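Following: one structure in structure tokens, then a few remarks.
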Amino acid sequence: QSVLDNLQRLTPGAARDIVSGAVRQLQGGTGAGSVLAVVGLIAAVWSASGYIAAFIRSSNAVYDVPEGRPVWKVLPLRLALTVGLMVMATASALIVVFTGSLARRAGDALGLGETAVTVWSIAKWPVL
């Protein structure tokens, strides 16, 4: 409710009604957002797995090997590779974003201070 109050106080004139109505609609829809998020995630995984399928086909073409696996074996492999790569990309992004402050805290705890931050800022790229 405080978000809606702030919006009504800060939003100018005619935009106030539009923005307030949109926020009320979002607050009223309990399950629609999560259903759309799940559908969007599934669509993203399926779309990214298309890239993996193209990579598998091109690897077969490069090595001049026909695809000998049936679809029911290739499809789960493709989806598993896609999810695995998405998890690794997310973990890599989190490591890059959040480790500076962790290195600073660890350096302070070990008595190394800025040295730990400098070493980690150089060493994190080969580690990733």
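Numbering-wise, the numbering used here comes out as the position in the sequence shown, counting from 1, plus 51.
Quick reminder that beta carbons are idealized off the backbone N, C-alpha and C, glycines included.
From a predicted model like this one, the values you see are computed outputs, not experimental measurements.
As assigned by DSSP and simplified to three states, the class of residue i
i	result
Glu118	coil
Leu163	coil
Pro63	coil
CB-CB length for residue i against residue j, believed under 8 Å
i	j	result
Val74	Val54	7 Å
Gly158	Ala144	No, Gly158 and Ala144 are not in contact; Cβ-Cβ is about 22 Å, not under 8 Å.
Lys175	Thr150	6 Å
Met137	Ala105	The Cβ separation is near 17 Å, so there is no contact.
Classification of residue i by the beta-carbon crowding that lies within 10 angstroms, buried from 16 upward
i	result
Val113	exposed
Thr133	buried
Arg120	exposed
Ala154	buried
Arg108	exposed
Arg129	buried
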